[in-house]
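Single-structure report; data block below.
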Amino acid sequence: MAKRPLNLEKKHERIAIAVMCLCILPIVFIYGKFFLNAFLNQDTGGFTLENFKFLTETVRIDQTNIDPVGQSMWNTIYFTVIVTVFEVVFSCMAGYALSRLEFKGKNFLTWLLLVLRMFPGMLLLIGVVYVLMYLKILNTMVGVILVAIAFRLPGSSFIIRNFFLQIPRDIENSALVDGCNRLTAFFQVIIHMVKPGLASTSMFAFMAAWSNYILFNVLIFNTKTPVLATYLRKVSSNEQMIADYGIFSAMALVYMLPVVIFFIVSQGQLMKGNVSGGKGI
Numbered sequence: 001m002a003k004r005p006l007n008l009e010k011k012h013e014r015i016a017i018a019v020m021c022l023c024i025l026p027i028v029f030i031y032g033k034f035f036l037n038a039f040l041n042q043d044t045g046g047f048t049l050e051n052f053k054f055l056t057e058t059v060r061i062d063q064t065n066i067d068p069v070g071q072s073m074w075n076t077i078y079f080t081v082i083v084t085v086f087e088v089v090f091s092c093m094a095g096y097a098l099s100r101l102e103f104k105g106k107n108f109l110t111w112l113l114l115v116l117r118m119f120p121g122m123l124l125l126i127g128v129v130y131v132l133m134y135l136k137i138l139n140t141m142v143g144v145i146l147v148a149i150a151f152r153l154p155g156s157s158f159i160i161r162n163f164f165l166q167i168p169r170d171i172e173n174s175a176l177v178d179g180c181n182r183l184t185a186f187f188q189v190i191i192h193m194v195k196p197g198l199a200s201t202s203m204f205a206f207m208a209a210w211s212n213y214i215l216f217n218v219l220i221f222n223t224k225t226p227v228l229a230t231y232l233r234k235v236s237s238n239e240q241m242i243a244d245y246g247i248f249s250a251m252a253l254v255y256m257l258p259v260v261i262f263f264i265v266s267q268g269q270l271m272k273g274n275v276s277g278g279k280g281i
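In the UniProt record's numbering, the protein residues as written are 1 to 281.
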């Protein structure tokens, strides 16, 4: 009688695996086709690396010239690194203050962060444009960076706050007794215990900044500050509306490569963060 439930459980597992494989097949086909297009000549169907010529030289699609990707790549890296670093640093400090310090309005500020995290940033773009116009930083990289950090900070601060809440206060008190002040205890003890939270915040910040398209499309009015997202748009919607899918796939492959590498490097800490990060919510 004991074998029957076990056999039934194995049968259910096999059915679940089969259903999962069927659901994954379309995704595998799409990505397989995507990779093949990046390395195939669209005319002959043979293997080629000509689709990656945009990395070093101007590419001509019908009557449209596409500049090399160098400037767009540099602008994207510059924007992503600055936004990621400042978002992690500021959210880390805010999360620590909300989890450890006692001050008036702390509970209200915590709930405000949660509300702002759920609030769609798209609804604020019109107001953001007027603010940037008043500060005279509209149509500049500085303005886009400030807005990107401001939009992401509430969610990142609330997430990393939950990691700090999981650390017993006795550990920090022991560091204070041993001669550390609050600052040295934070950098020498506490910060090492929230590495999964830092990895999670860094990963999400990096992905959001690297793939940012809306802010550059709305807050930048000229083509002097191109990024990879707007570069791909130029390729996919040129003047003649003719897309070279081989070049487009190659560009998309280059575009997604840093995110994949960053994920592979930080996936261990990221998985720990996904498992433990919800405990404090």
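Heads up, the beta-carbon is just placed ideally off N, CA and C, and yes, glycines get one too.
Checklist entry - In terms of residue numbering, what span does the beta strand (DSSP E) encompassing ILE220 cover? => result Annotation: ILE220 is outside any beta strand (DSSP E) and is labelled neither H nor E by DSSP.
Next on the checklist: Buried or exposed for MET20, going by 16 or more other Cβ atoms inside 10 Å?
Outcome noted: By the neighbour-count rule (16 or more Cβ atoms within 10 Å), MET20 is not buried but exposed.
Checklist entry - Taking 7 Å as the cut-off, does the CB of LEU183 come closer than this to any heavy atom belonging to the ligand PLP? => result Absence of the ligand PLP is noted for the structure shown, with no ligands found whatsoever.
Checklist entry - How long is the line joining the alpha carbons of ALA97 and LEU125, rounded to whole angstroms? => result Whole-angstrom Cα-Cα distance: 29 Å.
Checklist entry - Using the beta-carbon count (16 or more within 10 Å), is LEU215 buried or exposed? => result Of the residues assessed, LEU215 falls on the buried side of the cut-off, its CB having 16 or more other CB atoms within 10 angstroms.
Checklist entry - For VAL259, which residues of its own chain have a beta-carbon under 8 Å away from its beta-carbon, when the five flanking residues on both sides are left out? => result Same-chain partners within the cutoff: PHE206, MET207, TRP210, SER211.
Checklist entry - When the Cα atoms are used, what is the spatial distance from LEU232 to ILE27? => result So the alpha carbons of these two residues sit roughly 22 Å apart.
Next on the checklist: Distance check for LYS195 and ALA175, CA to CA, integer angstroms please.
Outcome noted: Roughly 18 Å separates the two Cα atoms.
Next on the checklist: Applying the 10 Å Cβ sphere with the 16-neighbour rule, what's the burial state of VAL265?
Outcome noted: Exposed: under 16 other Cβ atoms inside 10 Å.
Next on the checklist: Distance check for GLU87 and ILE149, CA to CA, integer angstroms please.
Outcome noted: Spanning the two alpha carbons is a distance of roughly 6 Å.
Next on the checklist: For ASN7 and ILE17, I'd like the C-alpha separation in whole angstroms.
Outcome noted: Those two C-alpha atoms are separated by around 15 Å.
Next on the checklist: Which of the three DSSP states is assigned to VAL85 in this structure?
Outcome noted: Helix.
Next on the checklist: Tell me the residue span of the beta strand (DSSP E) that contains THR64.
Outcome noted: Counted as a single uninterrupted DSSP element, the beta strand (DSSP E) harbouring THR64 occupies residues 64 to 66.
Next on the checklist: Cutting at 7 Å between CB atoms, please list the residues of its own chain near LEU113, excluding the five before and the five after it.
Outcome noted: Excluding its 5 nearest sequence neighbours in each direction, LEU113 has C-beta neighbours in its own chain below 7 Å: PRO154, SER157, PHE158, listed in chain order.
Checklist entry - Count the other CB atoms within 10 Å of the CB of CYS23; is the residue buried (16 or more) or exposed (fewer)? => result It counts as exposed.
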